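Below: the structure, in structure tokens.
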Amino acid sequence: MKIITSIFSIVLIVMFSCGEKEKPAKAIGKVSITGMELQDGSKPAGRTQANFTWKHVFSNQVQLTFTEAGSGQSFEISLNPNDFSKPYTIALPYGSYQYLGTSISESVSSTLPVTVSGQISVDAPTESLLLNGKSDFGLFTFSKSNLASAPKIITPQAGTLSSTNDFYYTYVKGDLLLKTELALTNGKSFRIVKSSKSFSQQQFQIANQASEAQDVFQPANFIISAERLILEPNGYPSVLFPYRIMDLAAPFNETSGLQWINGRLFSINDGGNSAEIQELNPQTGALIRTIKVTNAPNVDWEDLAASSSHFFIGDFGNNIGNRTDLKVLKIPIASLLNQTEVTAEVIEFSYPDQSDFSGSNSNHNFDCEAMIFRENQLHLFSKNRGDGRTKHYTLAPNPGKQVASLQGSFDSKGLITGADISPDGKNVVLLGYENLGISSRVFLWSFAAISGATLSGQGNQFFLGSPAGLSQAEGIVIDSQMELTISGERISFSGLNVPPRLFKVDLAGIFIP
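Numbered by this note's numbering, the letters in the sequence shown go through residues 10 to 522 in order.
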């Protein structure tokens, strides 16, 4: 009996000993997290002679979760992506893991929001891990030179830019529009409006003169786009940035004028098109409806204006200078807003200084594409093909025949194609383009006021870009926030095909209230 008991005891010991060997404790690996590398599909290559390398600012804490592929068991560690002076360590059982961590932020941030994700296999006592970081935010930087204070953020949310020793900066979610107002040390201010681009740095430098040293960045992670704006003698840069550029549909191929009426946007096509007014959606550029003018053809409609009670169409395009039937059509606003067909009163006019109507001189000074209404007068601004200047005429807004009154002229340095006046009547803008072929630039003139019948003070000229990118700019309107809406007709010439377009320019700050 004792022998049997002893044998049974030995069997039990062997069984339990074998069971322990079949379920050994899972080995543990020590993972050292040594850093984070931002990644993008198109990383910049090469190096430049740079005086700045941007060091990204991240949220001070990212919660990182490692999830084991087989069991679904998870392990967490908190780390500061700004500081990898010492590795962060986490103990993980042997296995294959997915890791994920996200820093949460608003659409505008002083830190770069990142998503950290990737895989790691733990099959050794020690492992090293360089985190993969991605972001859909872009970076804006502004050199502090010639800025009186941090730029204000107008949109997408109010605030001010953050600061380093040499720069103001902010991170903005990709494809959002950042509108900033810059206060200069010379007392002037203006706005820069740009769309954010994911994984890109947009750098701006304001210089008093071209000889000032240029800030050059070494592209470390983000692709860099730099703009250097030189201040003109008037204290402003000569360049402004159009934004919200959208293609228009075929009904607007030859859009030539714009006008706000009670928050609704109206346009016309120029000569050779139907005698119709078009209402369009200002957000999308889509055609909402058309209004037919029943008693007047579209000989060469060029611009729109409005009083408190009437809508005016300038039928005064005069490309070869031979027209003797110049006119302005006058339509009640109530009819425009509520009817699909309207009848116009006709204001016929001629120029007091034109005597040649032969059409034999293509470089003449009696074309017109720009008009505003102010103080019970229509103000016309000529498109001088001969001398590149602009003459200012006035008309009484009364049906019948009259001779326009010449008020003066100025050197517009190009061809004027549109005009508008601010809702408060204090500010005037003229739109045009240089007559320099493929080198031409779209421009606008701003005037702080009209005194009596003439433009007062020195106007400021700003360049907006090439017609190849903006189309042939023809229509312009300004709202109470000093935001311009500009339309341009299609270009199809010598292999260049540009669709009709609608875009914005912000002039707030440039006019003195």
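Glycine included, each C-beta is placed from N, C-alpha and C at the ideal position.
Since we're looking at a predicted model, the values are computed, not measured.
Review point. Of the choices D309, L170, S418, P122, whose alpha-carbon is the least far from that of V66?
Key: P122
Review point. Can you tell me where the beta strand (DSSP E) with G484 in it begins and where it stops?
Key: 481-487
Check your understanding: Which of helix, strand or coil does DSSP assign to P341?
Key -> strand
Check your understanding: Should E311 go down as buried or exposed, given a rule of 16 or more other Cβ atoms within 10 Å for buried?
Key -> buried
Check your understanding: Is the distance from the Cβ of T399 to the Cβ of S418 below 8 Å?
Key -> yes
Check your understanding: With 16 other CB atoms within 10 Å as the buried threshold, where does D132 fall?
Key -> exposed
Review point. Would you report the Cα separation of N91 and Q490, rounded to the nearest angstrom?
Key: 40 Å
**Study point:** Sequence-distant residues of the same chain with beta carbon closer than 6 Å to Q214, five excluded per side
**Key:** S152, D224, R237
Review point. How is F199 classed by DSSP in three states: helix, strand or coil?
Key: strand
Review point. Closer than 8 Å, CB to CB, is T120 near chain D or not?
Key: Chain labels in this structure do not include chain D; a single protein chain is all it has.
**Study point:** beta strand (DSSP E) runs contained entirely in the segment 79-149, provided each spans 3 or more residues
**Key:** 83-88, 97-102, 104-111, 124-131, 135-143
Point to revise | Euclidean distance between Cα positions of F208 and G183 | key: 8 Å
Review point. Can you list, in chain order, the stretches of the beta strand (DSSP E) that have 3 or more residues and sit fully within the segment 379-438?
Key: 386-391, 399-404, 409-412, 414-419, 424-430
Review point. Leaving out five residues before and five after A192 in sequence, what residues of the same chain have Cβ atoms less than 6 Å from its Cβ?
Key: A157, S158, S198
**Study point:** Integer Cβ distance of L473 from L240, believed to fall under 8 Å
**Key:** Not quite, the Cβ-Cβ distance comes to about 18 Å (not below 8 Å), so this is no contact.
Review point. Looking at C-alpha atoms only, which residue of L440, Q227, N271, F390 is the closest neighbour of Q416?
Key: F390
Check your understanding: Grouping DSSP H, G and I as helix and E and B as strand, with all else coil, what is A159?
Key -> coil
Exercise for review: Find out if the Cβ-Cβ distance for the pair E221, N141 is shorter than 8 Å.
Suggested key: no
Practice item. Rounded to whole angstroms, what's the CA-CA distance from K422 to V514? Just pull it up for me. Key: 20 Å
Review point. If F261 sits next to A314, beta carbons under 8 Å apart, how far is it from one beta carbon to the other, in whole angstroms?
Key: Actually they are not in contact, since the Cβ atoms of F261 and A314 sit about 19 Å apart, beyond 8 Å.
Practice item. Figure out for me which residue from N506, S105, W63, F61 has the closest Cα to the Cα of Q82. Key: S105
Check your understanding: For the segment 342-359 against the segment 286-304, are there 3 or more C-beta pairs whose distance is under 8 Å?
Key -> yes
**Study point:** Beta-bridge pairing of Q268 - partner residues as DSSP gives them
**Key:** F275
Point to revise | N506 versus F325: straight-line alpha-carbon distance, rounded | key: 27 Å
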